[in-house]
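Reading through the structure tokens given below for one structure.
Protein chains: 2
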Amino acid sequence: MNASDLGNLIPAARDGKPTFVIRDARVINVFTNEIVRTNVAIANDTIIGVGNYSCEHEYNAHGAYLAPGLIDAHVHIESSMVIPASFAKILLPKGTTTIIADPHEIANVAGTEGLSAILSLAKDLPLDIRFMLPSCVPSTPFEHSGAVLGAADLLPFLNEPNVLGLGEVMDYPSVVGCAPDMLEKLSGFFSKPIDGHAPMLSGRALNAYCLAGPRTDHECSNFSELKEKLRNGMYILIRIGSAANGVLEMLDGIVSENLPTDHICFCTDDKHLENIRSEGHINHIINTAISRGIRPLDAIRMATLNPATAYGLKRVGAIAPGYRANMILFDDLHTIEPKLVFANGNPVDPDAEIPSPAVPDSVRHSVHAAPVSPEQLLLKANAFMPIIETVPHQLVTRLVHRAVPTDENGFFIAREGLNKLAVVERHHETGHVGVGIVDGIHVQGGAIAATVSHDSHNIVVVGDNDPDMLAAIDALKACGGGFAVVSGGEIKALLELPVAGLMSDAPVETVLQKQRALLDAARALGTNDECDPLILLSFLALPVIPEVRLTDCGLFDVTTMSFLYQN
Amino acid sequence: MNASDLGNLIPAARDGKPTFVIRDARVINVFTNEIVRTNVAIANDTIIGVGNYSCEHEYNAHGAYLAPGLIDAHVHIESSMVIPASFAKILLPKGTTTIIADPHEIANVAGTEGLSAILSLAKDLPLDIRFMLPSCVPSTPFEHSGAVLGAADLLPFLNEPNVLGLGEVMDYPSVVGCAPDMLEKLSGFFSKPIDGHAPMLSGRALNAYCLAGPRTDHECSNFSELKEKLRNGMYILIRIGSAANGVLEMLDGIVSENLPTDHICFCTDDKHLENIRSEGHINHIINTAISRGIRPLDAIRMATLNPATAYGLKRVGAIAPGYRANMILFDDLHTIEPKLVFANGNPVDPDAEIPSPAVPDSVRHSVHAAPVSPEQLLLKANAFMPIIETVPHQLVTRLVHRAVPTDENGFFIAREGLNKLAVVERHHETGHVGVGIVDGIHVQGGAIAATVSHDSHNIVVVGDNDPDMLAAIDALKACGGGFAVVSGGEIKALLELPVAGLMSDAPVETVLQKQRALLDAARALGTNDECDPLILLSFLALPVIPEVRLTDCGLFDVTTMSFLYQN
């Protein structure tokens, strides 16, 4: 707060002159664990007092519960496929008023320009967006992303007002192995919050990792992992989003061992807009926690004060003088469904569009792929061909070897349920194209392509014939990125994501409609019911998930961290 | 930690190669509230793991409790009258390994040079000293201190490694009244920790104060005050030092209402070396808290993790990988008397001298008082003379008016138990001398003078005859400041405090001996048993404590904030 803001707000608080009052609420105090039936006074965007106040503009809560706005401690906005303003429109009605975002995806596409762009897109929204700077761009050296970010690229962003620290340090082998560029990042951010990401890391390796700086973890998948990390001083972010591994067991463990919860927070990481709409967001995690026996006020604190403390946010996460007037009103303390949300002191209208800052040109027209010739999609097969085999309902894959159908020249042809998969470098027109074989998606008579392709976000395309695959690639090049379903040379569905090839700036209802049309078109190609073909496709090029992936450089064995072949 | 430190410590943690192991301790984990009997591995000054470790250098704890080193959340080093190295020697054996210091006193004497000096004196000591920058120098405009510190003077110090934020904002009227220079300080430090100091502030004024930035308070004197401030989001620092108002009632309230304790910490503020020696330091507050029903692990957390969180200290306050190896070993979980203290991984020898960095010349020879003539000590009396009346065992005074003894010229003479009091400006040789009358100290046949005279630290002198008062002033000018007791023109006791007139760099045992000799000499002048005349004298010039004070400008009515007369 600058001196002029203070000069306005201090007299309002001192003289009891609110601009808005929420009357007769059961106000939850996260510092004292109390519920007090009283009024909350607001001046502009700030709470100035709790108690006996009145004013011309009042909202009568008639005794409903009033809690601080909820905080998502770790989320990737880009995974929603909409720009921050649209994301805000979906999140706010669910009670999430602050998010800690890691703009890892846009940074892989557009580097520091991508970071600047998303910071500008997040400005002055009713959703309070803070940023952790992506620590691992690119995620591996086995692919070509749009940018490489070192400590010197990241540190200047600490001067931006909403930048908090260093984002999830996924590359734990580099930490534990003391890679010089990683140590430079960690020491540069040592006094700031540093997010961890260390699935199953334990014992001495975990000790080394914690010592190196990361102080949160959102990858716990069982209670003993959670407890070891908690003992080490990590803030544990319990995640329910697209992933939710082991959450119930972890909650049960916390309850049965009566662990302190003040170093436990909640996050979604990634969660699809449709699911947020239908199921909820952070409030859904609170409700899950309460249903397993966490005390309601503790669960609310885990979604408010705890993440604020973990990330050093001074003015959010509580209802008290000086705090931002972000609050949620609800009727049932055991199932939190916000009936009204206040963001910066204003009631949120779930139907109102939220105006977005202009999308910077630097992140439009981000698809820079060299032309792909039909020959580049040819894959010479041998008798013992490595294949990516998908696993129902999971993102992991299996590496299998077997003979595959070939044409008269020995090139693989996509038959017998097998599809061709290709990854086309799309940032610097290098002409790199990786080609492989995938079993389990089962596209018939067409192709599906995407520029959302973690983490380098090259073009990934799957199909059973090369002409449709080429057409799908061309469709994405033409529209600046997104998702395309092509059949018989015709575009059956297209979701344009013109912002870095990752996000849409169209109205959010349009995006949701197109997402549904896209899935319908994919299903019409006969894709396997046991997977979401669009999500699965987006992860087939990420060479950190076992067992096998395809990058623009070739087919990669994640177990041995080496290429099976390079194209 | 820089990249090179990380490069040394990460492999030690990863490979389980400690340089020192504490074997078989009951290790207290403040994150999980557990006590686990195990080993702690240390490399250099850092904990690298808890569990199964061994090494050539081991200490066998034989099952004793091992807790993190204790933190004093708010203390003024200068009040100990010794330099930081000597203070460390007294504190470490009591288990206090980190202090949050407000160098308010030296700043009033020597401004930014004083701040730089104490920062340099605190470097590389086994006691971890962090600083909050003094926000109110001078404390009032009704006196002359050695310096005036504005926001522009303070902000550059944020670049110093151990500087955390803005020190206790005592001048709450300026905050609530929006004084421009105060708003400039508060906004400049808004994103940093800001200490409060707001005794009895409540309701809307307290709301305005909290909104303005201060987020701690160590001045609560009853439970309802504590609870209101806690509700407002303040960290409450429960103080037992020279002052300990209402502590037992507050602890009882916390226990009976089962309030969360994670926003409650402990501090001493000021505590005399003798009392620390005899009674303990932060461990004494823990023991008091436990004796009133606070759970031992909660009490330990209030002295470790809680203040670390409140002040954003990342690597102290817990026993976990990456934390500084500051720990205390003790036998009884209900009465914590450290039997061994580890500071930066080294066992503390209570008898060893701790080498100090050199005292900068800038804070020596700080007594710059113009010569005081006998005429300047004359006080013309009238029939209804305002008098400072002391109150037994307290620092507050009462303002009374009555006729006083006079000589033939109508000047006050110190008889009938009344003493003369004078305050001599000693920073810029301005020649300002305030003269007043005090009842209740009862010096007979001599004078006592001090350069420790809150907060401006001018020379304050009390006596029953002008020659001895002048001699006492001269004694302090000659030795660079301190305390002097003079009788019959002879110096009966002298404590030299050559560092800013506030601290001694002599061996701590010498200082303690001289402190005792000083009190003995004061008592030999017949001083009132119901006060410590030296402490009382040090506060008689502080124009913020009710009801009446003497500054170098004249006699000041604290109730009306105006001068009764000016000299």
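If you're matching them up, the sequences are chains A and B in order.
Oh and the first sequence: position 545 is 544 in numbering that gives the first Met the number 0, straight run, nothing missing.
Oh and the second sequence: position 448 is 447 in numbering that gives the first Met the number 0, straight run, nothing missing.
We treat Cβ as the ideally placed atom computed from N, Cα and C, and that holds for glycine.
Rank the options by C-alpha distance to the C-alpha of residue i and give the top, closest one.
i               : options                           : result
K491 of chain A : A:I284, A:V371, A:I447 and A:A63  : A:I447
R414 of chain A : A:I46, A:E529 and A:P404          : A:P404
S561 of chain A : A:T389, A:P140 and A:D101         : A:P140
S355 of chain B : B:L120, B:F411, B:S53 and B:F222  : B:L120
D531 of chain A : A:D504, A:Y208 and A:L518         : A:L518
S3 of chain B   : A:M384, A:V451, A:F189 and A:S220 : A:F189
E55 of chain B  : B:D44, B:H441 and B:I21           : B:I21
I82 of chain B  : B:L533, B:R522, B:E508 and B:P545 : B:E508
G480 of chain B : B:I285, B:I46, B:V254 and B:I458  : B:I458
A42 of chain B  : B:F265, B:G232 and B:A342         : B:A342
V371 of chain A : A:V434, A:A60 and A:P349          : A:V434
F538 of chain A : A:S78, A:V39 and A:N59            : A:S78
P542 of chain B : B:L398, B:H441 and B:F130         : B:L398
V498 of chain A : A:G113, A:E374 and A:R522         : A:G113
T558 of chain A : A:V547, A:S173 and A:L229         : A:V547
Y52 of chain A  : A:T45, A:P506, A:A40 and A:I284   : A:A40
K184 of chain B : B:F19, B:D406, B:V484 and B:V136  : B:V136
Can you pull the chain B residues whose beta carbon is under 7 Å from the beta carbon of residue i, in chain order?
i               : result
H262 of chain A : F30
T308 of chain A : T308
F568 of chain A : Limits of chain A in this structure are 0 at one end and 566 at the other, which puts residue 568 of chain A out of reach.
Taking C-beta to C-beta, are residue i and residue j nearer than 8 Å?
i               : j               : result
V315 of chain B : A307 of chain B : yes
L376 of chain B : A421 of chain B : yes
D551 of chain A : E142 of chain A : yes
G487 of chain B : G444 of chain B : yes
M502 of chain B : L511 of chain B : no
E167 of chain A : S201 of chain A : no
L65 of chain A  : A106 of chain A : no
C209 of chain B : G232 of chain B : yes
V390 of chain B : T96 of chain B  : no
L182 of chain A : G212 of chain B : no
R203 of chain B : G48 of chain A  : yes
A116 of chain B : S452 of chain B : no
T275 of chain B : K93 of chain B  : Looking at the sequence shown, residue 275 of chain B is not Thr but Ile. Yes, the Cβ-Cβ distance between I275 of chain B and K93 of chain B is below 8 Å.
V162 of chain B : F130 of chain B : yes
D465 of chain A : V442 of chain A : no
P259 of chain A : N305 of chain B : no
C266 of chain A : H196 of chain A : no
F19 of chain B  : G344 of chain B : yes
A12 of chain B  : N1 of chain A   : no
How close, in whole Å, do the beta carbons of residue i and residue j come, if the pair is a contact with beta carbons under 8 Å?
i               : j               : result
D71 of chain B  : I89 of chain B  : That pair is no contact at about 12 Å.
H456 of chain B : E104 of chain B : 6 Å
F30 of chain B  : A351 of chain B : About 33 Å; that fails the 8 Å criterion.
V437 of chain B : N418 of chain B : 5 Å
H73 of chain B  : D268 of chain B : 6 Å
R291 of chain B : D251 of chain B : 6 Å
P133 of chain A : P102 of chain A : 6 Å
I27 of chain B  : L296 of chain B : 7 Å
T111 of chain A : D152 of chain A : 5 Å
Taking C-beta pairs closer than 8 Å, name the residues in chain A that residue i reaches, listed in chain order.
i               : result
E183 of chain B : A2
V175 of chain B : I9 and R13
Along chain B, which residues have their Cβ under 8 Å away from the Cβ of residue i?
i               : result
V557 of chain A : The premise fails here: V557 of chain A is roughly 22 Å from chain B at the closest Cβ pair, so nothing lies under 8 Å.
Using 7 Å as the cut-off, classify the Cβ of residue i as near or not near the heavy atoms of the ligand FAD, replying yes or no.
i               : result
H400 of chain A : In terms of ligand content, the structure shown is empty, and the ligand FAD therefore cannot be addressed.
Residues of chain A with CB closer than 7 Å to the CB of residue i, please, in chain order.
i               : result
S186 of chain B : M0, N1, A2 and L5
L114 of chain B : Neighbours of L114 of chain B on chain A: none; closest Cβ ~21 Å, over 7 Å.
L229 of chain B : F30 and T31
task: Below 9 Å between beta carbons is the criterion; list the residues of the region 199 to 220 of chain B that meet it against any residue of chain A, in chain order.
output: G202, R203, A204, L205, N206, A207, Y208, C209, L210, A211, G212 and R214
message: Closer than 8 Å between beta carbons: that is the criterion. Which residues of the region 301 to 332 of chain A meet it against chain B?
response: T308, G311, K313, A317, A319, P320, G321 and Y322
task: Closer than 9 Å, Cβ to Cβ, to anything on chain A: give me those residues from the region 232 to 261 of chain B, in chain order.
output: G232, M233, E256, N257, L258, P259 and D261
- prompt: At a Cβ cut of 8 Å, what residues of the region 22 to 49 of chain A count as close to chain B, listed as they run along the chain?
  reply: N28, F30, T31, N32, E33, T45, I47, G48 and V49
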